[in-house]
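>
Residue numbers (our numbering): 53 to 328.
1) Going by the beta-carbon positions, is the gap between residue 214 and residue 165 smaller than 8 Å?
2) Which whole-angstrom value describes the C-beta separation of residue 258 and residue 223, a residue pair presumed to lie in contact below a C-beta threshold of 8 Å?
3) With a CB to CB cut of under 6 Å and the five nearest residues on each side skipped, what residues in its chain are close to residue 308?
4) For the alpha helix (DSSP H) containing residue 278, name the first residue and the last one.
5) Quick one: Cα of residue 246 to Cα of residue 230, how far?
6) Under three-state DSSP, which class holds residue 162?
7) Going by DSSP, which residues form a beta bridge with residue 296?
8) In the DSSP assignment, what are the bridge partners of residue 216?
9) Pull up the distance between the alpha-carbon of residue 205 and that of residue 286, whole angstroms please.
10) Under 8 Å by Cβ, that's how I've got residue 254 and residue 301 pegged, so tell me the actual separation to the nearest angstrom.
11) When you compare only the Cα positions, how much space is there between residue 78 and residue 303?
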């Protein structure tokens, strides 16, 4: 299940020079968001001390802390957040297109989920630590680990978690949806899950600020996280992000993982503002 990084054919957006006022916005927004993150980490850690011995993998209360933190962080950054459709209730899975590290915030802001991420993310400075605290499920991008990944999925789904992963396997410039890889969909066809599990396709549309590069929010290829973060914090004005929750798909209605992946991809594409 190797997943090469998507680089595209065009150059990366030109980084805007940060003015004095831009640096002031970086300092103000950055400090406020950092404070919210620290408060969220402390709160979640205290909740898990009580929650874990009782509920194990489930997080009936703690799961809402990252969602609140993400919603506040988007507000502090100045990114307008809109949703349509209805998030699926209970356990199961969600799949979405992947455009940026910002997806962590936008996809958790309304509907608490447990992200599935490549194992390398666990070692990223800052982001890796936050991902671990939030309960991210890390997987290795190696075909030899396919069965182990399937077993991990099954255990978490059986515990009632709502998992979210990106079937494209890599992030893009936010202007496209790449073909979905069906590998991880195989876990849903386990005998203990197939009859009850649903998968909800979710489309994320980033609308750049007026006059900015349409790929403003995209983070892909060899782009540096720190530089992109500074651009987000320094921006004088922001655009908006729209999250569309499509009707859930019942696994039992599909013959195999490839058919399920294709159906999910079709719905995500149908909601994407650049592929309609």
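Even glycine gets a Cβ: it sits at the ideal position worked out from N, Cα and C.
By the coordinates alone:
1) yes
2) Residue 258 to residue 223, Cβ: 11 Å. No contact.
3) none
4) 277 to 286 is the extent of the alpha helix (DSSP H) around residue 278.
5) 26 Å
6) coil
7) 136, 255
8) Partner(s): 146, 167.
9) 38 Å
10) That belief does not hold up - the Cβ atoms of residue 254 and residue 301 are roughly 12 Å apart, past 8 Å.
11) 45 Å
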